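Working notes, beginning with the structure itself.
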Amino acid sequence: MLGRDAIAARIPHTGRMVLLDHVLEWDAQSIRCATRSHLDANNPLRDPGGLPVWAGVEYAAQAAAVHGSLLAGGAPRLGYLALARDVRPHCERLDSIEGELVARVTVVHADPAGAIYDFELTCATRVLLTGRATLMYAKVSA
1 MLGRDAIAAR IPHTGRMVLL DHVLEWDAQS IRCATRSHLD ANNPLRDPGG
51 LPVWAGVEYA AQAAAVHGSL LAGGAPRLGY LALARDVRPH CERLDSIEGE
101 LVARVTVVHA DPAGAIYDFE LTCATRVLLT GRATLMYAKV SA
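Residues in the sequence shown are numbered consecutively from 1, following the UniProt record's numbering.
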């Protein structure tokens with residue numbers, strides 16, 4: 001199981017912006033990552049009303065970034081969340097959810113330029129947010 005430090009080495013964020021705590025499982029098609037960072041009063045995505053469910057898109061994007069890195073042999077890949085679509089919330093705030101959040105992303109399409117993932121954010125059996133994320137990888141200069 002990969003922990004927070006291994007996740008941080010694979011995404012373009014540092015400090016509290018590393019939202020995922022550990023990888024539960026992964027294969028060539030999907031990854032499941034878990035966290036309790038939604039309960040952190042200093043979560044960088046919080047607003048005065050708490051942590052909106054829309055922040056879950058970033059949790060999913062980070063899971064997708066970790067997955068892409070693992071598929072590339074563990075090397076971090078610089079990329080960007082280019083599009084989130086068909087996003088459906090099933091709650092208002094994440095900070096009101098007790099327990100561990102699980103971000104599951106599944107590859108819909110991947111090529112050298114980027115990847116499309118379906119995502120689902122859950123707590124136990126409760127679905128909190130679903131959608132589709134498109135990641136574009138930055139070109140690396142030779």
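Cβ atoms here follow ideal geometry from the backbone N, Cα and C, with glycine treated the same way. These numbers come from a predicted model, not from an experiment.
Determine the DSSP secondary structure at residue i, reduced to helix, strand or coil.
i	result
HIS22	strand
ASP111	strand
SER69	helix
GLY56	helix
GLY99	coil
GLY74	coil
ALA124	coil
ALA63	helix
ARG46	coil
MET17	helix
LEU39	helix
ILE31	strand
Assign residue i to one of two classes, buried (16 or more other C-beta atoms within 10 Å of its C-beta) or exposed (fewer than that).
i	result
VAL127	exposed
GLY79	buried
GLN29	exposed
GLY56	buried
ALA60	buried
residue 194	Nothing can be reported for residue 194: it is not among the residues displayed for the chain, which extend from 1 to 142.
SER96	exposed
ARG10	buried
ALA124	exposed
Kindly indicate the opening and closing residues of the beta strand (DSSP E) around residue i.
i	result
ALA8	Unbroken run through ALA8 is the alpha helix (DSSP H), 4 to 8; no beta strand (DSSP E).
LEU83	79 to 89
Contact between the segment 45 to 52 and the segment 2 to 11 is defined here as three or more beta-carbon pairs at a separation below 8 Å; is this criterion met? No contact exists between the segment 45 to 52 and the segment 2 to 11.
Touching by the beta-carbon criterion (3+ pairs, under 8 Å), the segment 8 to 19 and the segment 83 to 97: no
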